[in-house]
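Going left to right, the sequence shown walks through residues 97 to 315 as this note's numbering numbers them.
Have a look at the structure below before the remarks.
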Amino acid sequence: CNLGDSNQIDYMVKVHNSDTAEWIYKMIRKIAENGNSRLALDNTDLSYKVDISTSILVDSGVKGQSLILDSALELIDRSQELLVLTCQYYPGGVTADHIDQAYRRGVKVYPIYNHTNKFGTIEPLVHRLILEHERLRHPDALFKGQLPRNHKRLHAKLIATEKGTMIGSHNYVDMLVRRGTSEIALLRRDPNFALEAVSILLRQLEVKDYRSFAKPDIS
Numbered sequence: 097c098n099l100g101d102s103n104q105i106d107y108m109v110k111v112h113n114s115d116t117a118e119w120i121y122k123m124i125r126k127i128a129e130n131g132n133s134r135l136a137l138d139n140t141d142l143s144y145k146v147d148i149s150t151s152i153l154v155d156s157g158v159k160g161q162s163l164i165l166d167s168a169l170e171l172i173d174r175s176q177e178l179l180v181l182t183c184q185y186y187p188g189g190v191t192a193d194h195i196d197q198a199y200r201r202g203v204k205v206y207p208i209y210n211h212t213n214k215f216g217t218i219e220p221l222v223h224r225l226i227l228e229h230e231r232l233r234h235p236d237a238l239f240k241g242q243l244p245r246n247h248k249r250l251h252a253k254l255i256a257t258e259k260g261t262m263i264g265s266h267n268y269v270d271m272l273v274r275r276g277t278s279e280i281a282l283l284r285r286d287p288n289f290a291l292e293a294v295s296i297l298l299r300q301l302e303v304k305d306y307r308s309f310a311k312p313d314i315s
């Protein structure tokens, strides 16, 4: 999440591990000194193993290259029971295709995203067009996670399945990857961590009418 005053739904993970803290510090300092993440990281995406179940992934910002997106799509593809994905807007493109595939193999799928009125003046039209395009390509059931117009803005980037969880700054869509953005995410392969992450999300959602909104069923 952004480090500042905020009234939006967000996530952050705190890791109690001195070696991990040192690794992150050195990486961020190197980027700051270079003034460019791609140069600092030598155009290479990074993966740091915190423990047997947990890794930190970093995209250097090379156009068309994203270890985080590749790992996110793999997590989606491996889901067999549950898939909860939060995004600022409907995750279109290649991500939507992988979500669709999960739904068609019987996974309980819940993409949760903002109403299009949450994006200033020009952006709502763009996101509305993207959303309508995706509606033509995928089942209606995948679009029941749009938050109401008056709901608090969703900024959290979460993917949770029965296999594991990703939390970070990446929106898990290829549109920004094509432009090249430097991002960071935590990947933890722990079902209990995934359920806790979804439970935290549900406590923050303020949707009262679940007839039109698909609330994640983690029972």
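We put the beta carbon where it would ideally sit given N, CA and C, even for glycine.
Small disclaimer: the values here were computed from a predicted structure and weren't measured.
In this structure, what does DSSP give as the bridge partners for residue i?
| i | result |
| --- | --- |
| A256 | V180, T261 |
| I208 | T182 |
| S151 | K145, L283 |
| L250 | I105 |
| Q300 | For Q300, which the question treats as bridged, DSSP gives no partner whatsoever. |
I'd like to check one pair, residue j with residue i: are the Cβ atoms closer than 9 Å?
| i | j | result |
| --- | --- | --- |
| N103 | K214 | no |
| T182 | K253 | yes |
| R284 | S143 | no |
| K240 | A310 | yes |
| G157 | E279 | yes |
On the CB-based measure, 16 or more other CB atoms within 10 Å of its CB, does residue i come out buried or exposed?
| i | result |
| --- | --- |
| G160 | exposed |
| N113 | exposed |
| Q176 | exposed |
| N132 | exposed |
| L163 | buried |
| D155 | buried |
| A281 | buried |
| E230 | buried |
| D141 | buried |
In terms of residue numbering, what span does the beta strand (DSSP E) encompassing residue i cover?
| i | result |
| --- | --- |
| I280 | 279-284 |
If you follow the alpha helix (DSSP H) that residue i is part of, which residue opens it and which one closes it?
| i | result |
| --- | --- |
| I172 | 163-174 |
| Y199 | 189-200 |
| V222 | 219-233 |
| V273 | 270-275 |
| G237 | The question names Gly, but residue 237 in the sequence shown is Ala. Per DSSP, A237 belongs to no alpha helix (DSSP H) and is neither H nor E. |
| Y306 | Looking at the DSSP string, Y306 is not in any alpha helix (DSSP H), and its letter there is neither H nor E. |
| D115 | 114-130 |
Could you tell me how far apart the beta carbons of residue i and residue j are, in whole angstroms, since I believe they sit closer than 8 Å?
| i | j | result |
| --- | --- | --- |
| P207 | P187 | 6 Å |
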